[in-house]
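Trainee:
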Amino acid sequence: CRMSGVFRFKLDPILDLRLRAEDQRAQELAAAQRRREELRRRREELQEARVAKTVQIREASGVGETVGQLKNLQFVLDWLDGRIQTAHAAESEATQNVSSQQDAYSQAVRDRMSLDRLKGRRREAWDADQRRAAQNEMDEIATTRHEAARRVKSEDKS
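Residues are numbered in the numbering used here as their position in the sequence shown, beginning at 1, plus a constant of 305.
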């Protein structure tokens with residue numbers, strides 16, 4: 306009874322593919338999170354610009370600005386409002402994308418972990434088989450030596 310040398314998991318190629326898929330999903334999730342953060346910053350910049358324009362209108366209305374200038378400032382505010390709404394919608398869409406990327410990443414992790422657990426169980430079974438084979442081999446050697454010693458003893462008595 307000989308022990309085989311190296312543990313081999315037949316599904317290692319699939320495990321490697323799942324690991325690569327998990328890495329890909331992690332990269333896609335990180336990209337989606339970066340994109341969402343960029344869109345959030347852009348929306349905040351637009352909101353800050355709107356606040357600044359609102360302050361400018363309030364200050365201008367008290368110091369004798371012309372109606373045309375005030376209308377122009379209001380036009381800019383309306384334009385910023387539209388840009389803020391667009392930025393908010395894009396940010397919401399990016400947030401949904403992050404959520405779906407998180408789901409895909411979580412699934413990829415579960416897929417890989419299920420194969421990792423299977424590999425671990427198979428490795429434990431292989432290790433147990435190797436220990437059993439080693440024990441059987443040592444038992445066989447001990448039995449052979451015992452039988453040889455018994456024969457020598459019985460020959461000496463004769």
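In this text, a Cβ means the ideal position worked out from N, Cα and C, and glycines have one as well.
Would the beta-carbon of Q338 fall within 9 angstroms of that of V403?
Mentor: yes
Trainee: Which of the three DSSP states is assigned to T371 in this structure?
Mentor: In the structure shown, T371 adopts coil according to DSSP, grouped into three states.
Trainee: For L351 and D416, what's the separation of their Cα atoms in angstroms?
Mentor: 42 angstroms
Trainee: Apart from the five residues just before and just after R340, which ones in its own chain have a Cβ nearer than 6 angstroms to its Cβ?
Mentor: A399
Trainee: How about F312 and R426: do their beta carbons lie closer than 9 angstroms?
Mentor: no
Trainee: From the DSSP output, in three-state form, read off K315 for me.
Mentor: coil
Trainee: Regarding S411 and the ligand SAM, is the C-beta to nearest heavy atom distance less than 8 angstroms?
Mentor: The ligand SAM is not part of the structure shown, which contains no ligands of any sort.
Trainee: Below 8 angstroms on the Cβ atoms is my guess for L378 versus K358; work out the distance and round it to an integer in Å.
Mentor: 6 angstroms
Trainee: DSSP three-state call for G425: helix, strand or coil?
Mentor: Correct three-state label for G425: helix.
Trainee: Note down, in chain order, each residue of its chain lying with its Cβ closer than 6 angstroms to the Cβ of R307, except the 5 sequence neighbours on either side.
Mentor: Low per-residue confidence applies at R307: pLDDT is 49, beneath 50, and the placement is therefore not dependable, though the value from the model is reported in the following sentence. If we look at R307 and ignore the five residues flanking it on each side, it has no Cβ neighbours.
Trainee: Report the residue from E343, R348, L344, V381 whose alpha carbon sits nearest the alpha carbon of Q361.
Mentor: V381
Trainee: With distances taken from CA atoms, which of E342, V372, D383, A394 is nearest V356?
Mentor: Looking only at E342, V372, D383, A394, the smallest Cα-Cα distance to V356 is reached by D383.
Trainee: Under the assumption that R348 contacts A392 (Cβ atoms under 8 angstroms), give the Cβ distance between them as a whole number of angstroms.
Mentor: Right, their Cβ atoms sit about 4 angstroms apart.
Trainee: Once you ignore the five residues that flank L385 on each side, which residues in its own chain have a CB closer than 8 angstroms to its CB?
Mentor: Within its own chain, the residues whose Cβ lies closer than 8 angstroms to the Cβ of L385, once the five positions on either side in sequence are excluded, are L351, A354, R355, K358, listed in chain order.
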